[in-house]
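Below is one structure, written out as structure tokens, with a few remarks after it.
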Amino acid sequence: MMNKNNVPTRRILRLPEVINLTGFSKSWIYQLMGLGKFPNCIKIGIRSVGWDSYEITAWINKMIEEKRY
Numbered sequence: 005m006m007n008k009n010n011v012p013t014r015r016i017l018r019l020p021e022v023i024n025l026t027g028f029s030k031s032w033i034y035q036l037m038g039l040g041k042f043p044n045c046i047k048i049g050i051r052s053v054g055w056d057s058y059e060i061t062a063w064i065n066k067m068i069e070e071k072r073y
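The opening position of the sequence shown corresponds to residue 5 in the working numbering, with each subsequent residue numbered one higher.
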């Protein structure tokens with residue numbers, strides 16, 4: 005989502021959206037988190053977690069740049 009200045013809005017992404025953005029499975033995302041190779045989730049409720057949209061976007065961009073070289 006973009007705000008009126010064409011700047012991405014910072015928000016909390018839930019797991020299905022992170023899966024959709026990365027193409028990774030739930031188990032692979034948690035494995036990468038455990039290895040310190042994926043942004044950590046944020047506890048947003050008793051049994052709910054989410055991810056910072058800026059961190060996920062930055063991670064995706066970093067992966068793309070690393071794979072280009």
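No residue lacks a Cβ here, since even glycine has one placed at the ideal position from N, Cα and C.
Can you say whether residue i is buried or exposed, counting buried as having 16 or more other CB atoms within 10 angstroms of its CB?
i	result
L39	exposed
W32	exposed
Which one of the options has the shortest CA to CA distance from residue i?
i	options	result
P12	T26, Y34, T61, Q35	T61
G27	P43, M37, I64, G54	I64
S52	P43, N9, K66, I16	I16
Y58	N44, Y34, Q35	N44
In three-state DSSP terms, what is residue i?
i	result
I48	coil
E12	A small correction: the amino acid at residue 12 is Pro; Glu does not occupy that position in the sequence shown. Three-state result, P12: strand.
G27	coil
L39	coil
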